[in-house]
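Sequential numbering from 1187 applies to the sequence shown in the numbering used here.
Here a beta-carbon is modelled for each residue, glycine too, at the ideal position from N, C-alpha and C.
Every value quoted in this text rests on a predicted model; they were computed, and no experiment measured them.
The next block holds one structure in the form of structure tokens; read it before the comments.
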Amino acid sequence: MICNYFCALFMAGVSKIGELSERSEKEAADMQVTLKEIAERTGLSFQTVGDVLKPGSKRAARYRPSTRQRVLEAAAELGYRPNQAARAMITGRFGCAALVMGVRPNRSNLPAALLRGIHDALAERGMHLTCAILPDEQLTGEGFIPTVLRQWMADGLLINYTDHLPPLLLERLRTSGIPVVWLNTKLPGDCVHPDDFGAGRRAGEHLLSLGHRRLGFVNFSGEDHYSTRDRRAGFAEACRQGGAPAPAELVCLGGTERERIERAMAFLRDERPSAVAAYGPTTATPVLFAAQALGLAVPRDVSLVSFAGGFETWAGLRITTLAIPEYRMGQAAVERLCARLDDSALAVPTDRSNGIPFGFVPGETCASRVV
């Protein structure tokens, strides 16, 4: 049903783009190399040629490498180019996913590794990516869904809009029937996000395993995004399960770098934690500067673990890090979207939240507690 609707809108859009003259159409037809011609050139069947040249086809693996090579060489020699319009009519798909983001600050962060994961997973399936960065007024407008289908020619959407979502956008997508996967947020429906609770718990367990009992959790990023609450809750859960006191907490938003350092200094001086978990790099740096200002050596006097997209350093020290699985998130989002496209039973939004485990990157900012 959805695929037929896509194709109907596609053909309606094509009719409005403009008409080729009869001569141009004939020339285009004469230039179009067909699968039949490739089959005649290679002496192979039409079915074999189609299987080998179909983007993302699993059937191609059934043939010998030499057979696949014959088809590819013949296609290159003849100048074969896939007819995307014809393919869309046959398959009911355009082979395109749209990545949708907003323009509001800190609502649509797009790490390079996440984008690579999306790109690579689509490429493996013979699909491509289109991207749109739109203000809320356009995302919630009546023309948004028709634009997705007719102009973008997208089979489904990857939504990278992580918090304070416009309610009207949620409603329009819910009733549109378009396959949608949400990135880095928690919503009823298909979501792909890191397991921040598990990462917080693992950070706490790591520090407890080193003998630390008085722990602290610091966050200077506010609490708008679910990850701030989940990491904090997971860290506290590790303390509870490990029989340690509840962690001391410093959670606040904003302030200059100097103000953050001063707050971190007061926290370290008053609470005296022997180990701290920092929400992210913008929190870890002020904590490390604060420790230095107080004459506390890291990790001898205070250990620190942080959460980040990858390898982080400070003053030559490799920070012990729970690594956000950004690349894997991109892959998983495409896998989930394609599952929605392949299975009509998944076309109805369900609660399919997918938490992906963090990696652990050992560093030089954690050490056993000295009694």
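According to the neighbour-count rule (16 or more other Cβ atoms, all chains shown, within 10 Å of its Cβ), is residue i buried or exposed?
i     : result
E1323 : exposed
D1529 : exposed
Q1337 : exposed
S1489 : buried
I1319 : exposed
Q1427 : exposed
A1198 : Any reading at A1198 must be qualified, since the residue scores a pLDDT of 42, below 50, and its modelled position is unreliable; the value itself is stated next. When all chains shown are included, A1198 counts as exposed.
R1522 : buried
E1445 : exposed
R1248 : exposed
L1439 : exposed
G1549 : buried
G1441 : exposed
T1499 : exposed
S1492 : buried
D1306 : exposed
T1361 : exposed
A1509 : buried
A1420 : Sequence check: residue 1420 is Gly here, not Ala. G1420 comes out buried.
A1463 : buried
P1374 : exposed
P1472 : buried
Can you give the Cα-Cα distance for residue i and residue j, rounded to whole angstroms?
i     : j     : result
V1219 : G1265 : 7 Å
K1372 : H1379 : 7 Å
W1368 : R1417 : 20 Å
L1393 : F1546 : 13 Å
V1520 : G1386 : 26 Å
R1209 : E1226 : The predicted position of R1209 is uncertain, since its pLDDT is 37 and thus under 50; a value taken from the coordinates is nonetheless stated next. Those two C-alpha atoms are separated by around 27 Å.
D1341 : L1221 : 25 Å
P1459 : A1389 : 15 Å
T1326 : L1355 : 5 Å
T1316 : R1455 : 51 Å
L1359 : A1450 : 43 Å
V1437 : F1406 : 6 Å
E1457 : G1288 : 40 Å
T1551 : A1494 : 14 Å
P1511 : L1474 : 24 Å
R1415 : P1332 : 37 Å
E1448 : A1479 : 10 Å
Y1412 : I1345 : 16 Å
K1240 : R1254 : 12 Å
A1501 : L1482 : 14 Å
V1286 : F1330 : 11 Å
R1290 : L1351 : 10 Å
If I follow the unbroken beta strand (DSSP E) through residue i, where does it start and stop?
i     : result
G1342 : 1342 to 1346
C1377 : 1376 to 1380
F1546 : 1545 to 1547
V1367 : 1366 to 1369
Looking only at DSSP bridge pairs, what is residue i linked to?
i     : result
R1504 : T1499
T1316 : A1284
G1397 : DSSP lists no partner for G1397.
S1231 : Its beta-bridge partners do not exist; DSSP assigns none.
F1403 : E1435, A1463
I1542 : P1380
A1509 : A1494, G1545
Grab the span of the alpha helix (DSSP H) containing residue i for me, first residue to last.
i     : result
G1441 : G1441 -> no alpha helix (DSSP H), and no H or E assigned at all.
F1493 : From DSSP, F1493 is part of no alpha helix (DSSP H) but of the beta strand (DSSP E) over 1489 to 1494.
H1305 : 1298 to 1310
R1458 : Segment: none, R1458 is in no alpha helix (DSSP H) and carries neither H nor E.
G1265 : Where G1265 is concerned, there is no enclosing alpha helix (DSSP H), given that its DSSP letter is neither H nor E.
R1426 : 1412 to 1427
T1361 : 1353 to 1362
Q1337 : Run containing Q1337: none; DSSP gives neither H nor E here.
E1133 : Any property of residue 1133 remains undetermined from this structure, which presents the chain solely from 1187 to 1557.
Is any heavy atom of the ligand COA found at a distance shorter than 6 Å from the C-beta of residue i?
i     : result
L1373 : Within the structure as shown, the ligand COA is missing, as the structure has no ligands at all.
contact_flag[the region 1400 to 1407, the region 1425 to 1433] where n(CB pairs < 8 Å) is 3 or more: yes
The region 1500 to 1509 contacting the region 1290 to 1300, beta-carbon criterion three pairs below 8 Å: no
Three or more C-beta pairs below 8 Å linking the region 1299 to 1308 and the region 1511 to 1519: yes
At least three beta-carbon pairs within less than 8 Å, the region 1310 to 1318 to the region 1255 to 1263: no
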